[in-house]
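Order-wise, the sequence lines are chains A and B.
For the first sequence, position 23 (counting from the first letter as 1) is numbered 22 according to numbering that gives the first Met the number 0, and the numbering increases by one without interruption.
For the second sequence, position 195 (counting from the first letter as 1) is numbered 194 according to numbering that gives the first Met the number 0, and the numbering increases by one without interruption.
Virtual Cβ for every residue (Gly too), placed ideally from N, Cα, C.
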Amino acid sequence: MPHQCTSCGRTFADGSKEMLSGCPDCGGNKFQFKPAEAVDREGSGAGGRSGGSGASTQKKRPADAPETEGDRGRGTTGATRATPDANKKSADQSAVDRAAATVRDWVGSGGESGTATETAKSSTEARSQPDDDSTVAPEDSAQASARRDVVSREELPEDPPENAVQASTGEPTTARTSTDGQTPTEGESAPDAPGDAATRDESRQPAPADDNVVDAPDDENPGLEDLREELNSQFESIRIESPGQYELNLMELYEREEYIISLQEDGKYVIEVPDAWDAADR
Amino acid sequence: MGLFTNLKDSVSRVTDKLFSAQEPKRIGIYGPPNAGKTTLANRIARDWTGDAVGPESHIPHETRRARRKEDVEIERNGKTVTIDIVDTPGVTTKVDYEEFLDHDMEKDDAVRRSREATEGVAEAMHWLREDVDGVIYVLDSTTDPFTQVNTMLIGIIESQDLPVLILANKTDLEESSVQRIQNAFPQHETIPLSALEGDNMDEVYEKIAEYFG
C-alpha cells in the first residue's frame with residue numbers, strides 16, 4: 000500500500016483513486032508514497048488491518064475486492080489458477096460480485112469515469128456467462144490482457160491477498176470472451192483439451208504478468224529511483240527524471256480533474272481536491 | 000407574435016449584457032517560457048490600471064504561479080471591454096534545473112525553481128481547462144513556432160472553442176519573423192508587437208476588444 004495519508008496514516012493501494020478526492024477518513028490532501036517493500040517490512044500491518052476490520056463495510060470494500068493485479072504481478076496466482084474447483088468458483092463469484100459492487104459504488108458516487116463503467120459492465124456480463132471448466136482454463140491467460148485492456152491497474156484499488164487470488168481466478172476471465180467473442184490472442188484456443196490448456200496456462204502465466212511488471216508494485220529496492228518510477232507510472236502527467244528535472248505530459252495535466260499542486264522529492268506530493276472544495280462550498 | 004419574439008430577444012440581449020458586465024471575461028495569457036507573457040501582461044495592466052502584474056526577467060520560468068489582474072478596462076473606439084488578465088507560467092514539456100545554472104544560480108535554487116516551474120505548468124494547464132474564457136497566445140517571433148507545446152496548446156484551445164489571439168512578440172529584435180508564425184497558425188490572426196517597447200499595442204488592444212469584448 001504505497002500511498003499513505005500523512006495526517007491520519009490511512010494507506011491506499013498503488014493506483015487507488017480513492018485518495019484523489021482527499022482521504023476518505025480525515026479529508027487530508029497530503030500523502031506520502033511508500034514503496035511496497037517498506038510496507039512489507041512493517042510486518043504486513045496494513046494488510047492485517049484492512050483484513051481484520053471487516054466492520055467498516057462499504058468503505059472497506061473498494062479496498063478489498065479487486066486488488067488482483069498486484070498479486071498477479073508477483074506470480075502467486077499461477078498455481079491457484081491451474082486448479083479450478085467448485086468451491087473456488089463460488090468464492091470467486093462472491094469476490095467478483097464484490098468487485099462489481101465496488102465499481103458500481105464508484106460510478107454511483109461519481110468518483111470514477113468511463114473506464115469504471117466499462118469494468119462494471121464487463122463484470123456483469125462476465126457473471127452472466129456460463130462457466131464450465133473447459134472454458135475457464137484457456138481463458139485464464141486472456142484474463143490478464145483482458146483486464147489490461149478494459150481497466151488499467153491504476154484504476155483498481157488494493158486489497159488483501161486472499162481476495163486477490165480469488166478475484167483474479169474467477170469471472171474476469173470470461174469477460175474477455177463476452178466482450179470479444181474470441182479466445183485469447185495467443186492463438187492457443189484449445190478448449191477441447193482443458194488439462195493441456197491448464198498446464199500451458201501455467202507456463203504462459205508469467206508472460207502477461209511480466210508485461211504488467213512495469214506498473215506492479217515491486218518488492219525490491221525501495222530506493223529513491225524506484226520510488227520515482229512508481230510515482231511516474233502513477234502520475235503520468237509529471238515524470239521526475241531526477242531532482243530538478245521533470246518531463247511533463249501536457250495532455251494528461253490538462254485532462255486531469257485534480258492536479259498536483261506541490262511536488263516533493265521524497266515522494267510526497269499535494270494534490271488539489273476538487274470534491275473537498277465542493278463540500279466546503281455546500 | 001413577431002412583436003413578442005422581438006421583445007423577448009431584446010430582453011435576453013439586455014440580460015446578456017448585464018451578465019457580461021458583471022462578469023469580466025477571464026483572459027489567459029499563454030505561451031512557452033520566455034515569450035514575453037509577463038511583459039505583455041504588465042504592459043496591458045500598466046496602460047489601463049497603472050499597476051503591474053508581476054516581475055519580468057530574461058531567465059525562463061520567472062512566472063511560476065498564475066497571476067491575475069482583475070477588472071482591466073480597455074477602451075477602444077468608444078467601446079469599453081473589461082477583462083481579467085491571467086498571466087500564466089510558461090508551458091513546456093521539459094523543465095531542467097541545469098538551464099538555470101547558466102544564469103548564475105546556485106544548484107539548490109535552480110532545483111527549487113525547476114520544481115516550482117513544473118508545478119506552475121500544471122497550474123497553467125488546469126486554468127486552461129477550467130478557468131479561462133479566452134486566450135492571448137504569446138510567441139517569441141525570433142524562435143521557431145513549430146513546437147509540440149505550441150501545437151498542443153493551440154489544439155486544446157481550438158477544441159475548447161475559446162477565442163484566441165496570437166501575438167508575435169519581440170518584433171524589436173532583428174531575428175524576428177512574424178511571417179513564420181503566420182505560416183505556423185494560418186487559421187488564426189497573428190498580430191505583431193513588441194511588448195517591451197510598446198510597439199503596435201494599439202492594434203493589440205483593438206483586437207482584444209474585438210475578440211473578447
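**Request:** Output the boundary residues of the alpha helix (DSSP H) element that contains isoleucine 58/B.
**Result:** Counting along the chain, isoleucine 58/B falls outside any alpha helix (DSSP H), and DSSP gives it neither H nor E.
**Message:** Which runs of the beta strand (DSSP E) at least 3 residues long sit entirely within the segment 105 to 143 of chain B? Give them in chain order.
**Reply:** DSSP runs (the beta strand (DSSP E)) wholly in the segment 105 to 143 of chain B: 133 to 139.
**Message:** Only counting the same chain, and skipping five residues up and downstream in sequence, which positions put a Cβ closer than 7 Å to that of isoleucine 43/B?
**Reply:** For isoleucine 43/B, where only same-chain residues beyond five positions count, the Cβ hits under 7 Å are Val71, Ile84.
**Prompt:** The alpha helix (DSSP H) with phenylalanine 99/B in it runs from where to where?
**Reply:** Unbroken alpha helix (DSSP H) run through phenylalanine 99/B: 97 to 100.
**Request:** Using DSSP bridges, identify the partner residues of glutamate 72/B.
**Result:** Residue pairing by DSSP places glutamate 72/B opposite Thr81/B in a beta bridge.
**Message:** Buried or exposed, going by whether 16 or more other CB atoms sit within 10 Å of the CB of histidine 57/B?
**Reply:** Label assigned to histidine 57/B: exposed.
**Asked** For the candidate residues Ser241/A, Gly243/A, Leu249/A, whose alpha-carbon lies nearest to that of glutamine 147/B?
**Response** Looking at the Cα atoms, Leu249/A is the closest of the given residues.
**Message:** Quick check on methionine 18/A - is its C-beta less than 8 Å from some C-beta in chain B?
**Reply:** No, because no Cβ of chain B sits closer than 8 Å to the Cβ of methionine 18/A.
**Item:** Option in Phe211/B, Val94/B, Glu205/B with minimal Cα separation from glycine 77/B
**Value:** Nearest C-alpha to glycine 77/B: Glu205/B.
**Prompt:** Are the C-beta of arginine 45/B and some C-beta of chain E separated by less than 8 Å?
**Reply:** Protein chains A and B are contained in the structure displayed, whereas chain E is not.
**Asked** With 16 as the cutoff for other CB atoms within 10 Å, does lysine 36/B come out buried or exposed?
**Response** Burial of lysine 36/B is indicated by the presence of at least 16 other C-beta atoms within 10 angstroms of its C-beta.
**Asked** Which class does phenylalanine 211/B belong to by DSSP, given the choice of helix, strand or coil?
**Response** In the displayed model, phenylalanine 211/B falls within a helix according to three-state DSSP.
**Asked** If you run the structure through DSSP and keep just helix, strand and coil, what is glycine 47/A?
**Response** Bear in mind that the predicted position of glycine 47/A carries a pLDDT of just 37, short of 50, making it unreliable; the figure below should be weighed with that in mind. It is helical.
**Asked** Comparing the C-beta of methionine 104/B with each C-beta of chain A, is any distance below 8 Å?
**Response** For methionine 104/B, the answer is no, since every Cβ of chain A falls outside 8 Å of its Cβ.
**8 Å Cβ cutoff, glycine 109/A in contact with chain B** = Residue placement at glycine 109/A cannot be trusted, given a pLDDT of 43 that sits under 50; what the coordinates show is reported in the next sentence. Not a single CB atom of chain B sits nearer than 8 Å to the CB of glycine 109/A.
**Request:** Please work out which residues of its chain come closer than 7 Å, Cβ to Cβ, to aspartate 198/B, disregarding the five sequence neighbours upstream and downstream, and give them in chain order.
**Result:** Within the same chain, aspartate 198/B has close Cβ partners Thr170, Asp171, Leu192.
**Prompt:** For glutamine 244/A, does the three-state DSSP call read helix, strand or coil?
**Reply:** It is a strand residue.
**Asked** DSSP state of threonine 5/A, grouped into three classes?
**Response** Threonine 5/A falls in the coil class under three-state DSSP.
**Message:** Counting only C-beta atoms, is glycine 21/A closer than 8 Å to chain B at any point?
**Reply:** False, the Cβ-Cβ gap to chain B never drops below 8 Å.
**Prompt:** Excluding sequence positions up to five away, which residues of its chain have a Cβ less than 7 Å from the Cβ of glutamate 196/B?
**Reply:** Contacts found: Asp171.
**Cross-chain neighbours of glutamine 31/A in chain B, by beta carbon under 9 Å** = Ordered by position in chain B, no residue passes the 9 Å Cβ test against glutamine 31/A, which lies about 17 Å from the chain.
**Message:** Taking CB distances under 8 Å as the criterion, tell me whether isoleucine 220/B reaches chain A.
**Reply:** As shown, chain B starts at 0 and ends at 212. That puts residue 220/B outside it, with no answer to give.
**Asked** In three-state DSSP terms, what is glutamine 31/A?
**Response** Glutamine 31/A sits in a strand when the DSSP states are folded into three classes.
**Request:** Examine chain B for any beta-carbon lying closer than 8 Å to the beta-carbon of isoleucine 237/A, and answer yes or no.
**Result:** Yes, its Cβ sits closer than 8 Å to a Cβ of chain B.
**Message:** Would you call the segment 107 to 123 of chain B in contact with the segment 131 to 150 of chain B, where contact means no fewer than 3 C-beta pairs closer than 8 Å?
**Reply:** For the pair of segments examined, the segment 107 to 123 of chain B was found not to touch the segment 131 to 150 of chain B: the number of CB pairs separated by less than 8 Å stays below three.
**glycine 154/B in three-state terms, based on DSSP** = In the displayed model, glycine 154/B falls within a helix according to three-state DSSP.
**Asked** At least one CB of chain B closer than 8 Å to the CB of glutamine 244/A: is that the case?
**Response** Cβ-Cβ to chain B under 8 Å: yes for glutamine 244/A.
**Message:** Strictly below 7 Å CB to CB, what residues from chain A border arginine 66/B?
**Reply:** Result: empty, since nearest Cβ-Cβ is about 16 Å, beyond 7 Å.
**Request:** Starting from the beta carbon of valine 120/B, find every residue of chain A whose beta carbon is closer than 9 Å, and list them in chain order.
**Result:** Those within 9 Å of valine 120/B in chain A are Ile237, Tyr245, Leu247, Leu249, Leu252.
**Message:** With a threshold of 6 Å on Cβ separation, who are the neighbours of isoleucine 156/B within its own chain once the five nearest residues in sequence on each side are excluded?
**Reply:** Hits under 6 Å: Val134, Val163.
**Prompt:** In whole angstroms, what separates the C-alpha of arginine 45/B from that of threonine 79/B?
**Reply:** So the alpha carbons of these two residues sit roughly 17 Å apart.
**Request:** Could you tell me whether the Cβ of arginine 25/B comes closer than 8 Å to any Cβ of chain A?
**Result:** No, because no Cβ of chain A sits closer than 8 Å to the Cβ of arginine 25/B.
**Item:** Span separating the alpha-carbon of glutamate 22/B from that of aspartate 101/B
**Value:** So the two alpha carbons sit approximately 43 Å from each other.
**Asked** In the DSSP assignment, what are the bridge partners of tyrosine 29/B?
**Response** DSSP output for tyrosine 29/B lists Tyr136/B as bridge partner(s).
**Message:** Alpha carbons only, please: which of Gly8/A, Cys25/A, Pro23/A is nearest the one belonging to phenylalanine 32/A?
**Reply:** The candidate whose alpha carbon is nearest that of phenylalanine 32/A is Gly8/A.
**Item:** Host alpha helix (DSSP H) of threonine 37/B (start-end)
**Value:** Boundaries of the alpha helix (DSSP H) around threonine 37/B: 36 to 47.
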